[in-house]
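Numbering (this note's numbering), first residue to last: 1 to 328.
Encoded as structure tokens, the structure appears first; notes follow it.
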């Protein structure tokens with residue numbers, strides 16, 4: 001079964017945890033797992049697993065596909081593929097599992113088994129339940145998976161309606177690798193392609209050198225960020241920002257300068273982890289330091305686009321943190 005990215009409901013980042021009365025029908029709070037977003041589908045002909053960007057994952061995670069066949073009665077569920085190591089989520093170990101096929105994938109499933117943490121139900125026994133309120137979809141999902149032990153391949157993501165409990169989760173779960181909380185309306189329908197949920201992330205503030213931009217110098221869309229290795233060497237690409245606001249574009253355009261001949265980066269950058277195309281960008285003189293808010297997790301803060309905050313005019317590129325440092 002083909003799964004398109006537009007079939008997934010999405011979340012918008014927020015800066016504070018909303019109270020229950022902020023949501024229609026009340027808020028429901030869930031931990032935000034650090035994994036691979038995926039849809040799992042089971043039919044009479046078998047089961048399939050695809051990422052949030054539509055990439056096939058069935059071959060890479062055969063243990064999850066087998067569990068879908070065994071546990072889901074012609075249903076489609078939304079969730080996160082995760083890997084636990086020493087009591088915490090391990091995204092680096094998860095990346096080792098993909099891509100993988102055949103005997104390699106089977107061996108990896110034995111050596112580094114993964115879970116599918118399920119948080120929503122889209123289809124049940126061949127019929128869509130997307131138009132049902134979240135409270136109904138959650139009850140149906142709990143009837144399917146609620147009795148599964150925590151170590152099962154298919155596991156139900158915890159959910160609470162208590163703001164106090166959600167706040168406790170937010171404070172307690174980061175050491176275990178969770179990224180924050182997802183907040184949903186109890187009466188909300190599953191709206192594919194719509195940012196109808198909210199994501200309240202843990203964020204660390206840090207700095208990096210602006211080494212390039214997407215777009216042009218006069219209208220930069222995103223910043224390409226770099227850092228120097230702690231042991232010396234050339235400037236390395238570490239990440240990129242989310243799209244800049246119009247006012248930020250205008251302010252940065254007045255500060256950025258075209259790169260000279262000694263810029264160490266290639267003409268085109270490797271694709272994102274979830275993309276297939278080389279990245280076209282414009283090199284800039286690596287002299288400005290940007291302060292950013294990173295929310296990709298303490299073990300890999302640059303894995304997701306970071307939020308641009310400001311240019312640090314009080315420090316030089318030589319004073320920026322070295323690669324690997326994140327300052328809270």
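Even glycine gets a Cβ: it sits at the ideal position worked out from N, Cα and C.
Check	Outcome
Cβ-based burial, residue 268 [other Cβ within 10 Å; buried from 16]	exposed
4-residue-minimum alpha helix (DSSP H) runs that sit fully inside the segment 145 to 219, ordered along the chain	163 to 172
Contact under 8 Å by Cβ, residue 227 with residue 321	yes
Buried versus exposed call for residue 308 [16 or more other C-beta atoms within 10 Å across all chains shown]	buried
Burial state of residue 183, where buried means 16 or more other Cβ atoms lie within 10 Å	buried
Neighbourhood of residue 202 by C-beta distance below 7 Å, restricted to the same chain and skipping five residues each side	174, 179, 180 and 295
From 247, 253 and 12, residue whose alpha carbon lies closest to that of residue 215	253
Burial state of residue 51 (16 or more Cβ within 10 Å)	buried
Below-8 Å beta-carbon distance, residue 131 vs any chain C residue	Among the protein chains of the structure shown there is no chain C, as only one such chain exists.
Through-space distance from residue 39 to residue 117, alpha-carbon basis	11 Å
Identified DSSP bridge partners for residue 293	205 and 307
Residue 140 and residue 122 closer than 8 Å at C-beta	no
CB contact flag (residue 259, residue 207, <8 Å)	no
Best match in 36, 26 and 312 for proximity to residue 209 [C-alpha to C-alpha]	312
Residues bridged to residue 31 [DSSP beta-bridge criterion]	181
Run of the alpha helix (DSSP H) containing residue 131, from where it starts to where it stops	Per DSSP, residue 131 belongs to no alpha helix (DSSP H) and is neither H nor E.
Distance, residue 142 Cα to residue 73 Cα	14 Å
Reduced DSSP secondary structure (H/G/I, E/B, other) of residue 227	strand
Spatial distance of residue 165 from residue 236 (CA atoms)	41 Å
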